[in-house]
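Protein chains in written order, with our numbering: chain D, 504 to 794; chain C, 530 to 768; chain Z, 21 to 635.
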């Protein structure tokens, strides 16, 4: 092990971790307001990425990116309206199973349209990769990290400083009281799905120039995002990104020191171990019932 | 002039009907108390009036307009605000945020700052605690937050559900005095209370509910001396 | 609809029909293609049957059914090919391994709220899949073959027709298991648990343990199905055991209906149909390459559509259709309902059953119950009264182990149960009712009360599936206990009604019958009369009197003061969580403090504006 390897692990880990964190934010935002764990999070993020790829064929990149984000947000809201809202009187279990159905439908629809091939976007800024102390990092990685940071700041400001954001939080804190002050809880739930789609979509788009995307990547993205979300206690946006980075670092270290065969395995094992031993993640929230 | 009129109101939880055809009238500028023992349907009635629950049959009019099927949002915009049972504050949000959310339904037309000033004049203690999380406040202070939040939508009608529930005596009298002051400021108040004595002393008129029906109604002072009230509450009456 | 004769021989008729189907279907089908379809159908149905035990009976969902099948398939393959074991031994060992693995994962995770199990099983499935794909020993992604046909007792299942027999026989056994389990003591406990965990625990069910059992069983079902798969294919590779297959199994269970053991059969048939149609239709519409994606799309869409349109699945929808076409009529009340109670175990009046000292419960900054002492004796009714919000329900929750106290001590029969969880308290003879009656949808009145007999039975899932004399005797004893409880509450004539179709008055009495079914020595009643009309209240009062005469120690939380005053031996008044007064009904009714607590203070007008609130 040398400093160059360690530096590379950090650079790769933080970049990938940002992506996991952003998907994790999607889980957290939806879970906080509706209690639902959305199995389709990764697939919805990919909808945004594929939309951006399509838009990039006809409009300039700077326009294709926001359009892709918009599509991710809109599809996520649509999922709420079509699959979750009609099940509002059913048990949460049923709603969660429905998100699984949505995930599969979305994934296979993408496959029917795009096939199983790899797609890529142009990097946002052209130029060769940057060398830092012997380690290499693509310029696009800075975009990924920067957009994640901006996302965390924007969402935090939104939830804590704006009226609408407070209203969304209010639904999470006390839905009955939210209704009393005239907040439309269903609308806020739809909005939370939209926000989640936008957040996850943004970073999925930002990473598309970095590594290719395929339609089958959604499940893996969901699982890794979920690891980040569990580390964030399914509640904290900032800690979720921290969780994502932790996962990214573990994966990067595994890749360098044990080989890429074990990368995914490391993340999955971390998830299983977390759920068994530390389900509250980095938080001190109470998640277990009295036994 | 009557501001709220309710006729033939029925409400069921699933197959169980808990309000069996309520008729009720509230005039502008008066305090109307709805009293009765636990399980009488008082809270259900108030939640139906406030739009939290939908009535199955019957009509509710607000200033002559049929609002039986109106959303909570629409009711708040028409100047009707509910202070629900058990405070129901946003516990993990600050007092300030709780108050601010009170303006949500009318956020485009109201000036939050001046309304907040009025609330702080009414409850100076809330100003001291404005940055504290509402869930960490005492029960009495949470009740102030709940009433303050309702006032932030500048309502003309205030529906108060058991504001004295579980509060120590000095808070009960403070809340009761506040309610009177609000009436004196021109607000109409519907007050649901188990604390019958305090409610009847405060109210202009009252309805006694028992098992989902209006048992009797009339001027509050007359009900205060009505032996049926004690019988309904403590049992051992003439039936 | 069920004539007594049909009802009596229902099991026998069912078995006969099943035997006929299993015997005749393989004879009628000749072409190997259809035989192959039937084998696949059977394996999918068996996998889904395992999932129904988790989703339908335990209310959790798992995405590892294909992974369990992988354990079975690879286990059988390794056992027979590499180790030279007998197929039956290999199958058994694989099933045990699957069960143990799942126990290790399920036990901690099933204590969690929310849907962690789904994600954990998803991760488990992915890990196993990756390990299998990367394992050079096991042939990696191409797997390995040479698996001998399944054989048992010298019969070898080596042609396709015999394999159809094999799969159908195992499926029929699985179905038998699931049906028996649903009607067994543990099955009832699980179904109750799915609807309301608190109530089930109050009847002695250890929630996390019961759910873990169901989860372990689902793994065993999955593993056996996987073994069958390996023996019919004679070859294993990782591809069929991916997450997508687990999802398909979930779809099978959901489409059929997760509440009924018959659901998987319907669901598996539908899935087979979808697969057949997609392979013939999709190439024409979307092209050859889209078959897989098109099929998946149909599966995903179907999952959502079925959930939205008929969340109980096909079998559930048929059930509600039948209920609508032939509505059950409430039987007329018998002329004289109340049956005198059977002689209860002799109890000495006055013996202290429940002793509580210094009980305190704080929620954050709020003290809900503060320093309460109380004693409850055999053959007495203690009324706990107080204004709304005084802490009465919290008190019942503390006594029954639903909440654990911040301070203080609770002794039941001289034994410290302060920290005991609800199911342990119930096992020691304390029963309780709930303010809002909790009836278990889909259960009859008798079944509902049978849930209450949980603490007096012993038979576990495995034992109740095999009808040994001991098990039958126990089930009969439980049934008699439940029937006795119904009889003393005057509900016998309603025993076969669906519990959720009862009137509120009957549901409230049903709560008590369920509480009584486990022969408790202490019964806590949380507002038994709330919402009842006058006649129903009188019936309730009479019932509680009888229970006291039988020697049961009763604690009554009630708002109807007329009833309380008429019924209780002593009244314990609480306000703000503290004891205000304890005494006879008359003493309490006259007490000025109590009147103040109920009707409020008649404070002086001239205090206006003079009180500064400080504290």
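Every residue, glycine too, gets a C-beta built ideally from N, C-alpha and C. Since we're looking at a predicted model, the values are computed, not measured.
Over what stretch of residues does the alpha helix (DSSP H) that includes residue i continue unbroken?
i	result
residue 703 (chain D)	688-710
residue 714 (chain D)	No alpha helix (DSSP H) contains residue 714 (chain D), which DSSP labels as neither H nor E.
residue 245 (chain Z)	227-253
residue 612 (chain D)	595-617
residue 676 (chain D)	666-676
Determine the chain D residues that contact residue i at a beta-carbon separation under 9 Å, and present them in chain order.
i	result
residue 700 (chain C)	What residue 700 (chain C) touches in chain D: nothing, since even the nearest Cβ is about 20 Å away.
residue 320 (chain Z)	603, 604, 605, 606, 607, 608, 609, 610, 611 and 612
In chain C, which residues lie less than 8 Å from residue i when you measure between Cβ atoms?
i	result
residue 519 (chain D)	Going along chain C, no residue has its Cβ under 8 Å from residue 519 (chain D), so there is no contact; the nearest lies around 32 Å.
residue 679 (chain D)	581, 613 and 617
residue 676 (chain D)	619, 620, 621 and 622
Using a Cβ cut-off of 7 Å, pull out every chain D residue sitting near residue i, in sequence order please.
i	result
residue 317 (chain Z)	608, 611, 612 and 615
residue 633 (chain C)	666, 670, 684, 685 and 686
residue 658 (chain C)	Within 7 Å Cβ-Cβ: nothing; residue 658 (chain C) doesn't reach chain D, min ~18 Å.
Going by DSSP, what residue range makes up the beta strand (DSSP E) through residue i?
i	result
residue 722 (chain C)	717-722
residue 670 (chain C)	That residue, residue 670 (chain C), is in no beta strand (DSSP E); its alpha helix (DSSP H) goes 668-680.
residue 540 (chain D)	No beta strand (DSSP E) contains residue 540 (chain D), which DSSP labels as neither H nor E.
residue 454 (chain Z)	Segment: none, residue 454 (chain Z) is in no beta strand (DSSP E) and carries neither H nor E.
residue 742 (chain C)	742-748
residue 714 (chain C)	Unbroken run through residue 714 (chain C): none, as it is neither H nor E.
residue 662 (chain C)	Segment: none, residue 662 (chain C) is in no beta strand (DSSP E) and carries neither H nor E.
residue 689 (chain C)	686-690
residue 611 (chain Z)	Taken as a continuous stretch (DSSP letters only), residue 611 (chain Z) belongs to no beta strand (DSSP E), as it is neither H nor E.
Kindly list, in the order they appear in chain Z, the residues whose Cβ is closer than 7 Å to that of residue i.
i	result
residue 668 (chain C)	386
residue 677 (chain C)	Near residue 677 (chain C) there are no residues of chain Z at all, since even the closest Cβ is about 15 Å away, more than 7 Å.
residue 593 (chain D)	331
Just the chain C side, please: which residues come within less than 7 Å of residue i by C-beta, in chain order?
i	result
residue 551 (chain Z)	545 and 568
Pull the bridge partners of residue i from the DSSP assignment, please.
i	result
residue 553 (chain Z)	Beta-bridge pairing links residue 553 (chain Z) to no other residue.
residue 545 (chain C)	C:542
residue 175 (chain Z)	Z:172
residue 436 (chain Z)	Z:431
residue 634 (chain D)	D:639
residue 405 (chain Z)	Z:593
residue 603 (chain Z)	Z:591
Would you mind telling me which residues of chain D sit closer than 8 Å to residue i, beta carbon to beta carbon, in chain order?
i	result
residue 267 (chain Z)	603 and 607
residue 69 (chain Z)	Result: empty, since nearest Cβ-Cβ is about 17 Å, beyond 8 Å.
residue 643 (chain C)	Neighbours of residue 643 (chain C) on chain D: none; closest Cβ ~17 Å, over 8 Å.
So which residues on chain Z does residue i lean against when the C-beta distance must stay under 9 Å?
i	result
residue 729 (chain D)	139, 142 and 143
residue 586 (chain D)	324, 327 and 328
residue 772 (chain D)	143 and 147
Given 8 Å, three or more beta-carbon pairs between the region 145-154 of chain Z and the region 760-770 of chain D: Taking 8 Å as the limit for Cβ pairs, the verdict is that the region 760-770 of chain D does touch the region 145-154 of chain Z.
Contact between the region 628-644 of chain D and the region 336-344 of chain Z (3+ Cβ pairs under 8 Å): Segments in contact, no.
Segment contact flag, the region 530-537 of chain Z with the region 502-510 of chain Z, C-beta cutoff 8 Å, min 3 pairs: At 8 Å Cβ cutoff, the stretches touch.
Given 8 Å, three or more beta-carbon pairs between the region 692-707 of chain D and the region 550-558 of chain D: With the rule of 3 Cβ pairs closer than 8 Å, the region 692-707 of chain D counts as touching the region 550-558 of chain D.
Inter-stretch contact (C-beta, 8 Å, three-pair minimum) for the region 603-610 of chain C and the region 639-646 of chain C: Between the region 603-610 of chain C and the region 639-646 of chain C there are fewer than three C-beta pairs closer than 8 Å, too few to call the two in contact.
At least 3 beta-carbon pairs within less than 8 Å: the region 552-568 of chain D vs the region 742-757 of chain D: Contact between the region 552-568 of chain D and the region 742-757 of chain D is absent, because fewer than three Cβ pairs lie under 8 Å.
Every unbroken alpha helix (DSSP H) within the region 255-309 of chain Z, with a cutoff of 4 residues, ordered by chain: Listed in chain order, the complete alpha helix (DSSP H) runs (minimum 4 residues) inside the region 255-309 of chain Z are 263-276 and 283-306.
Within the region 506-594 of chain Z, ranges of the beta strand (DSSP E) (whole runs, at least 3 residues): Within the region 506-594 of chain Z, the complete beta strand (DSSP E) runs of at least 3 residues are 542-546 and 573-577.
Validate contact between the region 563-583 of chain Z and the region 539-551 of chain Z using beta carbons, cut 8 Å, 3 pairs: They touch, by the three-pair rule.
Cβ contact check for the region 612-629 of chain D and the region 708-721 of chain D: 3 or more pairs under 8 Å: With the cut-off at 8 Å, the region 612-629 of chain D and the region 708-721 of chain D touch.
Given 8 Å, three or more beta-carbon pairs between the region 717-731 of chain C and the region 682-695 of chain C: Yes: the two stretches touch, three or more of their Cβ pairs being nearer than 8 Å.
Touch test, the region 58-73 of chain Z against the region 244-253 of chain Z, Cβ-Cβ under 8 Å, three pairs minimum: Yes, since at least three Cβ pairs between the region 58-73 of chain Z and the region 244-253 of chain Z fall closer than 8 Å, the two stretches touch.
The region 74-81 of chain Z in contact with the region 278-285 of chain Z per 3-pair CB rule at 8 Å: In this structure the region 74-81 of chain Z touches the region 278-285 of chain Z; the number of beta carbon pairs closer than 8 Å is three or more.
Three-pair Cβ contact test at 8 Å for the region 586-595 of chain C versus the region 674-690 of chain D: The region 586-595 of chain C, when compared against the region 674-690 of chain D, does not touch it at the 8 Å Cβ threshold.
Cβ pair count under 8 Å reaching 3, the region 92-110 of chain Z against the region 233-247 of chain Z: A contact exists between the region 92-110 of chain Z and the region 233-247 of chain Z.
Stretch pair the region 460-467 of chain Z + the region 433-444 of chain Z: three plus CB contacts closer than 8 Å: No contact exists between the region 460-467 of chain Z and the region 433-444 of chain Z.
Stretch pair the region 773-787 of chain D + the region 746-765 of chain D: three plus CB contacts closer than 8 Å: By the Cβ test, the region 773-787 of chain D is in contact with the region 746-765 of chain D, since at least three Cβ pairs between them sit closer than 8 Å.
Meets three-Cβ-pair contact criterion under 8 Å: the region 734-741 of chain C and the region 414-432 of chain Z: Taking a cut-off of 8 Å on C-beta distances, the region 734-741 of chain C does not touch the region 414-432 of chain Z, as fewer than three cross pairs fall below it.
Start-end ranges of the beta strand (DSSP E) lying completely within the region 548-616 of chain C, minimum 3 residues: DSSP runs (the beta strand (DSSP E)) wholly in the region 548-616 of chain C: 560-564, 586-591 and 609-612.
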